[in-house]
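Sequential numbering of the sequence shown, starting at 29, is according to our numbering. Have a look at the structure below, then the notes.
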Amino acid sequence: MADADVPTLVEQARQGRPRAVARLISLIEGDSPRLREVMAALAPLAQGAYVVGVTGSPGVGKSTSTSALVSAYRRAGKRVGVLAVDPSSPFSGGALLGDRIRMSEHASDPGVYIRSMATRGHLGGLAWAAPQAIRVLDVAGCDVVIVETVGVGQSEVEIAAQADTTMVLLAPGMGDGIQAAKAGILEIGDVYVVNKADREGADATARELNHMLGLGEARAPGDWRPPIVKTVAARGEGTDEVVQALEKHRAWMEEHGVLAERRMRRAAGEVETIAVTALRARIGDLHGDRRLGVLAERVVAGELDPYAAADELVAGVTEGA
29 MADADVPTLV
39 EQARQGRPRA
49 VARLISLIEG
59 DSPRLREVMA
69 ALAPLAQGAY
79 VVGVTGSPGV
89 GKSTSTSALV
99 SAYRRAGKRV
109 GVLAVDPSSP
119 FSGGALLGDR
129 IRMSEHASDP
139 GVYIRSMATR
149 GHLGGLAWAA
159 PQAIRVLDVA
169 GCDVVIVETV
179 GVGQSEVEIA
189 AQADTTMVLL
199 APGMGDGIQA
209 AKAGILEIGD
219 VYVVNKADRE
229 GADATARELN
239 HMLGLGEARA
249 PGDWRPPIVK
259 TVAARGEGTD
269 EVVQALEKHR
279 AWMEEHGVLA
289 ERRMRRAAGE
299 VETIAVTALR
309 ARIGDLHGDR
319 RLGVLAERVV
329 AGELDPYAAA
339 DELVAGVTEG
349 A
């Protein structure tokens, strides 16, 4: 398998063979010289899998909720791919142990593919790696791809940029209501889930969240109003309602042209990220080049302002000088 050519790997992935899928994603993670060949082979085979982003603060039960979500989609006959992304960890080429343990009930299900990815240290980060891995799972026949981030902060916004629908998880007793406003997750969520709803304070958390959503930007008639669903993911309670909310949002997006718009924006962002990454690499090569040093000397001497120097540098890079 390690020496298999790209067309063979892609064909095997289309047949749903887990080892081929794993190998293709490893080529993405490792920024393989064959990466461009992989992407070129996958491009015409896109199936349009529905991408759900799952995010939330540590301790809200993301992995448990993701596992329950997988079960619900499998009951509906859907093939599911799961990408557990950790922007804070270096590439390891393998799964995070905790994710594997929590998702172990699906390990033997041929209709489920689970993969952990780490993005720290990669030039493009989550914005670079995730859409390419999603494309592999799409071609492998997944109807739904769930992208779960175990990171916080910027990764939440990045997840939203990669997903068709973003699901934000909260839990009672964690100060999530206030944190939601601070982190800006009220701006990215399409569906909100209050997990651990059997705990004291769940109703209050849902009410507070509903109030904060009401304080947000005014919506015109027909606009999407993010629903709030209460769950106990550890027991599978409320998960079917979550799937219903997700599918309702998907239908609304299709009806209003939002799904196509989001996917267009996602593709544009991917192209931009790849282009910027390439330019950064080219500029990085110039650090050992005398041209950058000469420009720096001219800035220090007052012969050039930094913007003019940057223009010269960019011109040199783009012209291949």
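Ideal Cβ placement from N, Cα and C applies to all residues, glycine included.
Comparing alpha-carbon positions, which option in the options lies nearest residue i?
i      : options                       : result
GLY109 : GLY297, ALA50, ARG318         : ALA50
ARG264 : ARG103, THR301, GLY201        : The residue asked about is misnamed: residue 264 is Gly in this sequence, not Arg. Nearest of ARG103, THR301, GLY201 to GLY264, Cα basis: ARG103.
VAL322 : GLU133, LEU341, ASP313        : LEU341
GLU215 : GLU228, GLN43, ALA189, ALA303 : ALA189
LEU70  : HIS277, GLU298, ALA48, ARG163 : ARG163
GLU176 : ALA74, ARG291, VAL327, VAL80  : VAL80
Among the residues of its own chain, which have a CB less than 6 Å from the CB of residue i, if the five just before and after it don't count?
i      : result
VAL9   : This structure cannot speak to residue 9, because the chain is shown only from 29 to 349.
VAL261 : What sits at residue 261 in the sequence shown is Ala, not Val. Here the set comprises GLY89, THR92, SER93, ALA96, ASN223.
ALA100 : THR267, ASP268, VAL271
MET281 : LEU287
Quick check on DSSP: helix, strand or coil for residue i?
i      : result
ARG42  : helix
ALA32  : coil
VAL88  : coil
ALA191 : coil
GLY81  : strand
SER136 : coil
SER54  : helix
ALA112 : strand
ARG107 : coil
SER144 : strand
Enumerate in chain order the residues of its own chain whose CB-to-CB distance from residue i is below 7 Å, with the five nearest sequence positions on each side excluded.
i      : result
CYS170 : ALA77, ARG107, VAL108, GLY109, TYR141
ILE256 : TYR220, VAL222, ALA234, LEU237, ASN238
Can you list, in chain order, the residues of its chain whose CB lies under 8 Å from that of residue i, leaving out five sequence neighbours each side?
i      : result
GLY430 : No statement about residue 430 is possible, as the shown extent of the chain runs from 29 to 349 and does not include it.
ARG278 : TYR78, ASP192, THR193, LEU287
VAL167 : VAL38, ALA41, ARG42, LEU70, LEU73, ALA74, GLN75
Subject >> In chain order, each beta strand (DSSP E) run of at least 3 residues that lies wholly inside the segment 201–278 >> reply: Runs of the beta strand (DSSP E) inside the segment 201–278: 219–222, 256–258.
Original post:
Which runs of the alpha helix (DSSP H) fall wholly inside the segment 283–332 and span at least 4 residues, in chain order?
Top reply: Within the segment 283–332, the complete alpha helix (DSSP H) runs of at least 4 residues are 286–313, 318–328.
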